Amino acid sequence: MSSKTPSAIDETRPVQLGAHHWRVVDIVVGAVLAVAVGLIFWAWNTIGSAWYSAMAALTPGLGGIASGIWFLGGPLGALVIRKPGAAVFVETLAAVVSMVIGNQWGITTVTSGFFQGLGAEIVFLIVRYRMWTVPVAIVAGAAAGFGAWANELFIGQTPNITMGLAFNVIYLVSNLVSGAVLAGLLGWIVTKALAKTGALNRFASGRQA
């Protein structure tokens, strides 16, 4: 009889054949996550914007330290569903939900969501969707912050490329730190909390909890 317990499952072990195929439950849960995260985005539009403005008043570019919550969908979606495209799917759909409910950025919200999700997705792709550890989640959150920074550098009412080098360097570092903590680490914590409730029992993320 094996002595390995569910809690001892190796999170870096190779995935099984077909494990990357999306199931109906993956799509449904991804959509539910996106709606929930979209509501969080909508609430953060007020809180985060106020924090952003306060930080930006101290040092131009420092406002990015408040942006991490807007990057949450990508790391969370990937950590829960563990399928290629999950980060982009959840983050982009959450951005659509936030836009439909109403915000000050309109359609550019969706573009931001896509690039933020893509940043996180690339990290999980690099590890071939086989590692779901805290360090990987943190790097994915930071990468989502980089995606947001790259998007805003060229897209928006006032592209940040017009703001000068000092602003963009500070804004990049702020986004990376905020994304690492408020999207990556927080996404990992939320995933573990959901798994412990039994809500993710049909997913590898739930069975490993």
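Reading the sequence shown from the start, the letters are residues 1 to 209 in the numbering used here.
We treat Cβ as the ideally placed atom computed from N, Cα and C, and that holds for glycine.
Keep in mind that this is a model prediction, so the values were computed, not measured.
Report yes if the C-beta distance between residue i and residue j is below 8 Å; otherwise report no.
{"i": "Ile47", "j": "Thr108", "result": "no"}
{"i": "Ile69", "j": "Leu172", "result": "no"}
{"i": "Leu72", "j": "Val110", "result": "no"}
{"i": "Leu176", "j": "Ala137", "result": "no"}
{"i": "Leu200", "j": "Val134", "result": "no"}
{"i": "Gly129", "j": "His20", "result": "Sequence inspection shows Tyr at residue 129; the Gly mentioned does not correspond to that position. Taking 8 Å as the Cβ cut-off, Tyr129 and His20 qualify as a contacting pair."}
{"i": "Ala87", "j": "Gly117", "result": "yes"}
{"i": "Val97", "j": "Ala54", "result": "no"}
{"i": "Val90", "j": "Phe203", "result": "no"}
{"i": "Ala78", "j": "Ala144", "result": "no"}
{"i": "Asn151", "j": "Phe115", "result": "yes"}
{"i": "Thr197", "j": "Leu76", "result": "no"}
Tell me the residue span of the alpha helix (DSSP H) that contains residue i.
{"i": "Val37", "result": "Val24 to Leu58"}
{"i": "Phe203", "result": "Counting along the chain, Phe203 falls outside any alpha helix (DSSP H), and DSSP gives it neither H nor E."}
{"i": "Val283", "result": "Since the displayed the chain opens at 1 and closes at 209, residue 283 lies outside it and no answer follows."}
{"i": "Ser174", "result": "Leu165 to Ser178"}
{"i": "Trp188", "result": "Leu186 to Lys196"}
Count the other CB atoms within 10 Å of the CB of residue i; is the residue buried (16 or more) or exposed (fewer)?
{"i": "Arg82", "result": "buried"}
{"i": "Leu165", "result": "exposed"}
{"i": "Pro6", "result": "Below a pLDDT of 50, predicted positions are generally treated as unreliable, and Pro6, at 42, falls in that range; the measurement from the model is reported next regardless. With fewer than 16 Cβ atoms within 10 Å of its Cβ, Pro6 is classed as exposed."}
{"i": "Thr126", "result": "The residue you asked about is not Thr; residue 126 is Ile in the sequence shown. Result: exposed."}
{"i": "Gly85", "result": "buried"}
{"i": "Ile170", "result": "buried"}
{"i": "Gly102", "result": "exposed"}
{"i": "Thr158", "result": "exposed"}
Taking the alpha carbon of residue i as the reference point, which residue from the options has its own alpha carbon closest?
{"i": "Phe167", "options": "Ala57, Ala95 and Ala195", "result": "Ala57"}
{"i": "Ala66", "options": "Gly74, Gly77, Asn45 and Ala86", "result": "Asn45"}
{"i": "Leu93", "options": "Val134, Val29, Phe124 and Ile122", "result": "Val29"}
{"i": "Ala180", "options": "Phe146, Ile161 and Pro159", "result": "Phe146"}
{"i": "Ser178", "options": "Arg128, Trp149 and Ala193", "result": "Trp149"}
{"i": "Trp105", "options": "Ala54, Leu200, Ala78 and Trp42", "result": "Trp42"}
{"i": "Ser174", "options": "Val35, Gly113 and Gly63", "result": "Gly63"}
{"i": "Gly61", "options": "Ile27, Asp26, Met131 and Thr162", "result": "Thr162"}
{"i": "Gly74", "options": "Leu39, Val24 and Val123", "result": "Val123"}
message: Quick check for students: name the residue ranges of the alpha helix (DSSP H) that lie wholly in the segment 85 to 156, counting only runs of 4 or more.
response: The qualifying runs are 86 to 101, 108 to 126 and 134 to 154.
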